[in-house]
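Before any comments, here is the structure.
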Amino acid sequence: MELMDANAHGNVHGGVIMRMVDESAAIVAIKHSQNPKVVTARVERFDFLAPVYIGNVVSIHCAMNYVGRTSMEVGVEVLAEDSITGEARHVASSYVIYVALDENGKPTPVPPLVPADDKEKAIIERARIRRMRMKKLDEELSRAEEIKD
Ligand SMILES: CC(C)(COP(=O)(O)OP(=O)(O)OC[C@H]1O[C@@H](n2cnc3c(N)ncnc32)[C@H](O)[C@@H]1OP(=O)(O)O)[C@@H](O)C(=O)NCCC(=O)NCCS
1 MELMDANAHG
11 NVHGGVIMRM
21 VDESAAIVAI
31 KHSQNPKVVT
41 ARVERFDFLA
51 PVYIGNVVSI
61 HCAMNYVGRT
71 SMEVGVEVLA
81 EDSITGEARH
91 VASSYVIYVA
101 LDENGKPTPV
111 PPLVPADDKE
121 KAIIERARIR
131 RMRMKKLDEE
141 LSRAEEIKD
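Numbering of the sequence shown is given in the working numbering, commencing with residue 1 and proceeding in unit increments.
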């Protein structure tokens, strides 16, 4: 990371990391859906675990966690490596949800996610549960908003 990526404290600006995450995870969604027209629908969570320093080498590790009908959740881990010592730290994690669009800009189906083994099955199942909880929470919050109005 370079000086132009710095925040007022002299570390790497969180927004720079968020952009790298979105760009990298979008590539995974594009490859899975075989569709260049995917949009970011939601950043489900974004945890900054440790600062990234100027001079660190940042790598973004993405995996497709879950595929719905037209949406895809990509799990992301960000590592920052000290370029002198080679020490790598896990500095951020995120889940980003993308939706594939057709030529009219409407959500369009994507291929299913086929697990290769039990470990991948468990990852998909955890993401499915997260998704259900997220939907339930969204519904509860919009009901609460309606009552307030
Ligand atoms: C994302 C978007 C296409 C969804 O459109 P929509 O008409 O609400 O779509 P639908 O209700 O048919 O939902 C389509 C899928 O997206 C999912 N989805 C939509 N909004 C979502 C959200 N905020 N969070 C999580 N999932 C979402 C739905 O659950 C559904 O999933 P499924 O097909 O796998 O079951 C639309 O809101 C949009 O264009 N947003 C702007 C995207 C953008 O500009 N991003 C930034 C730049 S890339």
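Heads up, the beta-carbon is just placed ideally off N, CA and C, and yes, glycines get one too. Since the structure is predicted, the reported quantities are computational estimates derived from the model, not experimental observations.
Near ligand 1: residue i beta-carbon under 7 Å from a heavy atom
{"i": "T85", "result": "no"}
Residue environment, residue i, which counts as buried when at least 16 other CB atoms sit within 10 Å
{"i": "I60", "result": "buried"}
{"i": "M132", "result": "exposed"}
{"i": "E73", "result": "buried"}
{"i": "G15", "result": "exposed"}
{"i": "V39", "result": "exposed"}
Candidates the options: closest to residue i by CA position
{"i": "G183", "options": "E77, N56 and S94", "result": "The question about residue 183 has no answer here: the residues shown for the chain are numbered 1 through 149."}
{"i": "N35", "options": "V110, L137 and M134", "result": "V110"}
{"i": "V99", "options": "K121, A41, A122 and R19", "result": "A41"}
{"i": "D138", "options": "I27, E44 and S24", "result": "E44"}
{"i": "D22", "options": "V96, G10, H13 and R69", "result": "V96"}
Sub-8 Å separation of residue i and residue j beta-carbons
{"i": "Y66", "j": "L113", "result": "yes"}
**Request:** May I have all residues whose beta carbon comes closer than 5 Å to any heavy atom of ligand 3, sorted in chain order?
**Result:** This structure does not include ligand 3; its bound ligands are ligand 1.
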